[in-house]
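Per the UniProt record's numbering, numbering through the sequence shown is continuous, rising by one, with the last residue being 168. By construction, the Cβ of each residue, glycine as well, lies at the ideal position given by its N, Cα and C atoms.
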Amino acid sequence: MNYLNMNEKKLLPVVLELNILLADYNIYYQKLRGFHWNILGKNFFDLHNKFEELYNDAKIKIDEIAERILTLQHHPVSQFKEYIKMATVEEIIPLMKDTEMVEELLRDHKKILAQMRIILMHAEEVTDEGTIDMIGAYIGELEKSSWMLNAWSKNTSDQLDTSMIKQV
Numbered sequence: 001m002n003y004l005n006m007n008e009k010k011l012l013p014v015v016l017e018l019n020i021l022l023a024d025y026n027i028y029y030q031k032l033r034g035f036h037w038n039i040l041g042k043n044f045f046d047l048h049n050k051f052e053e054l055y056n057d058a059k060i061k062i063d064e065i066a067e068r069i070l071t072l073q074h075h076p077v078s079q080f081k082e083y084i085k086m087a088t089v090e091e092i093i094p095l096m097k098d099t100e101m102v103e104e105l106l107r108d109h110k111k112i113l114a115q116m117r118i119i120l121m122h123a124e125e126v127t128d129e130g131t132i133d134m135i136g137a138y139i140g141e142l143e144k145s146s147w148m149l150n151a152w153s154k155n156t157s158d159q160l161d162t163s164m165i166k167q168v
């Protein structure tokens, strides 16, 4: 039964792209767990806690993305070998310096945000408001996390763009 009142064939690109996002989030989640377990150094407490916060958020999003795919009347991909094939986020060995971990996460965020925008484009074509709403919220949250990680990686003497600030 088509309880969604949407063209099922036109929904297929949305489902395919949601499955890629699901794969991305599963790889990203495991990467965060690896970073959480393997962080060393003076930034241990800050990053250990931050990585835990991020992987707990990713775990929730994994479930929500899979449930959105089910809502669209498809089965989500659920095998790790398929995630590795499909994902734009890459699996890595987590043994690296704290700054490298943050740089890696920012690269992942860029890939995940790009994937979310692809989903939005397809969802808008079929007026899939449920997916648009969910992904729109995810974009705002991931952009904020990216800003915070990027700010953490800066020197205290660094400045953001000041062109909008009136100089006196």
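Coil, strand or helix - V14 by DSSP: helix
Answer with buried or exposed for L160, where buried requires no fewer than 16 other C-beta atoms within 10 angstroms of its C-beta. exposed
* Asked: Helix, strand or coil: how does DSSP classify S78 here?
  -> coil
The alpha helix (DSSP H) that contains N7, what's its start and end? Premise fails: N7 is in no alpha helix (DSSP H) and is neither H nor E.
Quiz item: Candidates N5, T88, N56 and E103: which alpha carbon is nearest M116's?
Solution: T88
For the alpha helix (DSSP H) that K97 lies in, which residues bound it at each end?
Segment: none, K97 is in no alpha helix (DSSP H) and carries neither H nor E.
**Report entry** For L149 and L105, believed in contact at Cβ under 8 Å, the rounded distance
**Finding:** 6 Å
Considering just the uninterrupted stretch of the alpha helix (DSSP H) at L70, what are its terminal residues? F44 to T71
Local Cβ density within 10 Å of R75, reported as buried at 16 or more and exposed below that: For the sequence presented, residue 75 should be read as His rather than Arg. Exposed, since its Cβ has fewer than 16 Cβ neighbours within 10 Å.
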